[in-house]
Structures are given as C-alpha cells and as structure tokens.
Amino acid sequence: MALFVYNTLNRKKEEFLPLNPPVVRMYVCGVTVYDLCHIGHARSLVVFDVIYRYLRYRGFRVKYVRNFTDLDDKIIARALDEGVGFQEISERYIREFYADTDPLGLERPSVEPRATEHISEMIEMVKVLLEKGHAYVADGDVYYAVESFPGYGKLSGRSTEEMIAGARVEPDPRKRNPLDFALWKASKPGEPWWDSPWGKGRPGWHLECSVMSQK
Numbered sequence: 295m296a297l298f299v300y301n302t303l304n305r306k307k308e309e310f311l312p313l314n315p316p317v318v319r320m321y322v323c324g325v326t327v328y329d330l331c332h333i334g335h336a337r338s339l340v341v342f343d344v345i346y347r348y349l350r351y352r353g354f355r356v357k358y359v360r361n362f363t364d365l366d367d368k369i370i371a372r373a374l375d376e377g378v379g380f381q382e383i384s385e386r387y388i389r390e391f392y393a394d395t396d397p398l399g400l401e402r403p404s405v406e407p408r409a410t411e412h413i414s415e416m417i418e419m420v421k422v423l424l425e426k427g428h429a430y431v432a433d434g435d436v437y438y439a440v441e442s443f444p445g446y447g448k449l450s451g452r453s454t455e456e457m458i459a460g461a462r463v464e465p466d467p468r469k470r471n472p473l474d475f476a477l478w479k480a481s482k483p484g485e486p487w488w489d490s491p492w493g494k495g496r497p498g499w500h501l502e503c504s505v506m507s508q509k
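In terms of the numbering used here, the sequence shown opens at residue 295 and continues consecutively.
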C-alpha cells in the first residue's frame, strides 16, 4: 500500500517517494533550551516519534536528526539575568528535556546536533549566500535578502506585502526589506561571540537549522 503525505507547497497529498530508497532522512526542528518543555513541544515530539516508528515499520532505513538550539537570544538573556554562562543554561535545560521526555517512551533520534557544534559551517554558509547575492552586511550583522529569492512566501501561501502588514516588530532602517532576517549577529557586550569575516558575533536563529539539517 502506498504511503501519502501532504505537500504544503502545492496543497496536495502526494505519494511518498524517498530520494534514495530505502533510506529516508528526516530533520525535525528541536527545542530552544532556555526553559522547561511545554505541551506544544510534547505534541511535536510525539508526532514525529510516531512517524519515525511507522517509516521503519514500512521497511525504510531512517536517519532521524533533531537538533538542540543551544545558542539563542532567550538563552543569552536568561544567562545574563542569572549571572552565568550561556552554556550553563543550555546544559541545564537539555538535562530537563530528557527528564521530561524519556518517561514518554520516545525513541532517541539518530543524531542530536547542537548549534554550537557547527558554527564554522554556519559561517561558511553565510559566505556562500553573500557570494551569490542572497545576503548583505550591515554594521557587522549579515541579513538574508528575501527579495533575492523570487519564491519567498510561496510555502506559507502569503505574499511579502501580507507578511509586512502583519509584522510585530519595529522596522530596522538598516534592512533593505522589513522581512530580511539575521544570518549573523554582531556581538554586544557580555554576549558570546565567534570570530568571522564580518567581526565578532554569533549565528542567527534561522541559519542554525539550515546548516544542521544537512548533517
């Protein structure tokens, strides 16, 4: 019996055909470890655990990758509030994550990368995006230029005009387009940083999963 999945891009159910059968590569965006898990996390974890089990039941060899976002604005903010390093916050809540999820009987993914383990690859990806004209530098930050990608918004089914109208943040005059998002953020005093061609800083949230999903 064929397996069908919903394709968000064309809004249709399509037969599931792996690129390299019988291997299936599945990436799931994991938690940002700045606080305890909530019911929304539990839903995602259980749903993809069921998918993982079912694909293997159907005879596929599944490489299941689920990351930990262990570097983020919220983690840094909590670390500064508590007067500790950001690593202490992320390690604490990774332990709490397993304490919450292991009793659910979830199977561990094949790989659980952490954002801080892949900073060098993130820097390389930003270099490539800059070379191809998909990004630009502004005062030590690097932004993705959404207008450089004609299909931007197609997956969500919303135009850029609709997304701008629904934006909840103040416009940044350094951005070419209000929807442009940070690939690399220049470090502020007291924040963690890594050396890069654009100065000391850290990766943006969107960039992290883009790199780790290729593991």
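Glycine is no exception: its CB is placed at the ideal position from the N, C-alpha and C atoms.
The model shown is predicted, which means the values in this text are computed figures rather than measured ones.
Check your understanding: So is Ser450 buried or exposed if we call it buried at 16+ other beta carbons inside 10 Å?
Key -> Its Cβ having fewer than 16 others within 10 Å, Ser450 is exposed.
**Study point:** Buried or exposed (CB count within 10 angstroms, at least 16 for buried), Asp375
**Key:** With fewer than 16 other Cβ atoms within 10 Å, it is exposed.
Check your understanding: Going by DSSP, what residues sit across from Met320 in a beta bridge?
Key -> Met320 is bridged to Tyr358.
Review point. Is Leu349 helix, strand or coil by DSSP?
Key: Helix.
Practice item. Measure the CB-CB distance between Val505 and Met416 and report whether it falls below 9 Å. Key: Yes.
Review point. Smallest Cα separation from Glu425: which of Ala409, Ser442, Glu411?
Key: Out of Ala409, Ser442, Glu411, Ser442 has the C-alpha closest to the C-alpha of Glu425.
Exercise for review: Rank Pro483, Met320, Ser453, Met295 by C-alpha distance to the C-alpha of Asn361 and give the top, closest one.
Suggested key: Closest option to Asn361, judged by alpha-carbon separation, among Pro483, Met320, Ser453, Met295: Met320.
Practice item. Can you check the region 418–475 for any alpha helix (DSSP H) of at least 4 residues that lies completely inside it and give the ranges in chain order? Key: Correct list: 454–459.
Review point. What separation, rounded to the nearest whole angstrom, lies between the Cα atoms of His335 and Arg372?
Key: Distance between the alpha carbons of His335 and Arg372: 20 Å.
Practice item. Under 8 Å by Cβ, that's how I've got Tyr437 and Asp474 pegged, so tell me the actual separation to the nearest angstrom. Key: So it is a contact: roughly 4 Å between Cβ atoms.
Check your understanding: From Glu455 to Thr302, what distance separates their C-alpha atoms?
Key -> Rounded to the nearest whole angstrom, the C-alpha separation of Glu455 and Thr302 is 20 Å.
Point to revise | Exposed unless 16 or more other CB atoms sit within 10 angstroms - verdict on Trp487 | key: With a threshold of 16 other beta carbon atoms within 10 Å, Trp487 falls short and is exposed.
Practice item. Go ahead and pull the three-state DSSP assignment for Phe298. Key: Note: Phe298 maps to strand in three-state DSSP.
Review point. Helix, strand or coil for Glu406 per DSSP?
Key: Three-state result, Glu406: coil.
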